[in-house]
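Below is one structure, written out as structure tokens; the observations come after it.
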Amino acid sequence: MNLILFGPPGAGKGTQAKFIVDSFNIPQISTGDMLRSAVKEQTPLGLVAKQLMESGALVPDDVVLGIVRERIVLSDCANGFVLDGFPRTIPQADALELILEQMNKRIDHVISLDVESAAIVERLSGRRTCSSCGKGYHLIYDPPRVAALCDSCGAALIQREDDREETVQNRLAVYEQQTAPLKAYYEQAGLLRHIDGGGAIQDIQLQIKKVIQGCIGDHP
Ligand code: AMP
Numbered sequence: 234m235n236l237i238l239f240g241p242p243g244a245g246k247g248t249q250a251k252f253i254v255d256s257f258n259i260p261q262i263s264t265g266d267m268l269r270s271a272v273k274e275q276t277p278l279g280l281v282a283k284q285l286m287e288s289g290a291l292v293p294d295d296v297v298l299g300i301v302r303e304r305i306v307l308s309d310c311a312n313g314f315v316l317d318g319f320p321r322t323i324p325q326a327d328a329l330e331l332i333l334e335q336m337n338k339r340i341d342h343v344i345s346l347d348v349e350s351a352a353i354v355e356r357l358s359g360r361r362t363c364s365s366c367g368k369g370y371h372l373i374y375d376p377p378r379v380a381a382l383c384d385s386c387g388a389a390l391i392q393r394e395d396d397r398e399e400t401v402q403n404r405l406a407v408y409e410q411q412t413a414p415l416k417a418y419y420e421q422a423g424l425l426r427h428i429d430g431g432g433a434i435q436d437i438q439l440q441i442k443k444v445i446q447g448c449i450g451d452h453p
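In the working numbering, the protein residues as written are 234 to 453.
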């Protein structure tokens, strides 16, 4: 089962991708996470990506496609994968289709987490991540047991550079201009499944399960 989790920044793609990984035993392919690792490790890719990411701009298509191409052929993707934060442009979506065609695969569902733009800024500004294990939190909706410390490993929680207010507006504008057109793209392909991403995490999980279970067995 090959899935795309689609939605604006802060829609909860990362959180729900982790749920899909745990429930359906397929890997999450998050281009944002891979790029953040590259930045942290100061690889040549990370050096290209750093400034763009900090400003809220997209990393060039060919760079992102390079990392997806390398990741998607690994053996853990044999039974499926959930793409999180990719594709983000029409050329990325076109290229993905070609990559999958060559592998004799296709996307089963594009799950769109729909969230009002007013709610997004609040979500992003409260988002925190463990500086050590990467576990995600939200100061209001999913706070840690001890303030500013990770429940799992006790390390300090940090705010992503690009979740700061000045960058968030740019990310939302970039989303509207470059990424939102993918809705029509996947609608036309008959793959888009809308989910209300504004509710409680468990309700969203339930809806995602329904979408996915509708497809199990469809494409053996
Ligand atoms: P995310 O964690 O998915 O919100 O991604 C964080 C940042 O990484 C984005 O704002 C972009 O700068 C970059 N990025 C992640 N995925 C992509 C992509 N598919 N195409 C271009 N840039 C990306």
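All residues carry an ideal CB built from backbone N, CA and C; glycine is no exception.
Only a predicted model underlies this, so the values are computations on that prediction, with no experimental measurement involved.
Query, Result
"Option nearest Ala351 by Cα separation, candidates Leu238, Met267 and Gly430", "Gly430"
"Nearest-angstrom beta carbon gap, Gly240 and Val348 [assumed within contact, 8 Å]", "7 Å"
"CB contact flag (Ala244, Leu346, <7 Å)", "yes"
"Any non-hydrogen atom of ligand 1 within 6 Å of Val281 CB", "no"
"Stretch pair the region 331-340 + the region 350-366: three plus CB contacts closer than 8 Å", "no"
"Met267 Cβ short of 6 Å to ligand 1 heavy atom set", "no"
"Arg339 beta carbon near ligand 1 (any heavy atom closer than 6 Å)", "no"
"Span of the alpha helix (DSSP H), counted from its first residue to its last, around Arg184", "Because the chain here runs from 234 to 453, residue 184 falls outside it and cannot be looked at."
"Buried versus exposed call for Ile344 [16 or more other C-beta atoms within 10 Å across all chains shown]", "buried"
"Proximity test, Thr264 beta-carbon vs ligand 1 heavy atom, cut-off 6 Å", "yes"
"Of the listed residues Glu355, Asp436, Ala311 and Ile259, nearest to Asp396 (C-alpha basis)", "Glu355"
"Where Leu268 falls, given that 16 or more other Cβ within 10 Å makes a residue buried", "buried"
"Nearest neighbour of Gly317, chosen from Tyr370, Leu238, Leu439 and Ile353 [CA to CA]", "The question names Gly, but residue 317 in the sequence shown is Asp. The option with the nearest alpha carbon to Asp317 is Leu238."
"Beta-bridge pairing of Leu439 - partner residues as DSSP gives them", "The partner list for Leu439 (beta bridge, DSSP) is empty, contrary to what the question assumes."
"Identity of the residues DSSP links to Gly369 by a beta bridge", "Thr362"
"DSSP state of Leu291 mapped onto helix, strand, coil", "coil"
"Secondary structure, alpha helix (DSSP H): runs of 4+ residues fully inside the region 398-439", "398-407 and 414-421"
"Contact under 7 Å by Cβ, Asp294 with Thr276", "no"
"Ile391, buried or exposed, once every other Cβ within 10 Å from all chains shown has been counted against 16", "exposed"
"At least three beta-carbon pairs within less than 8 Å, the region 379-393 to the region 299-317", "no"
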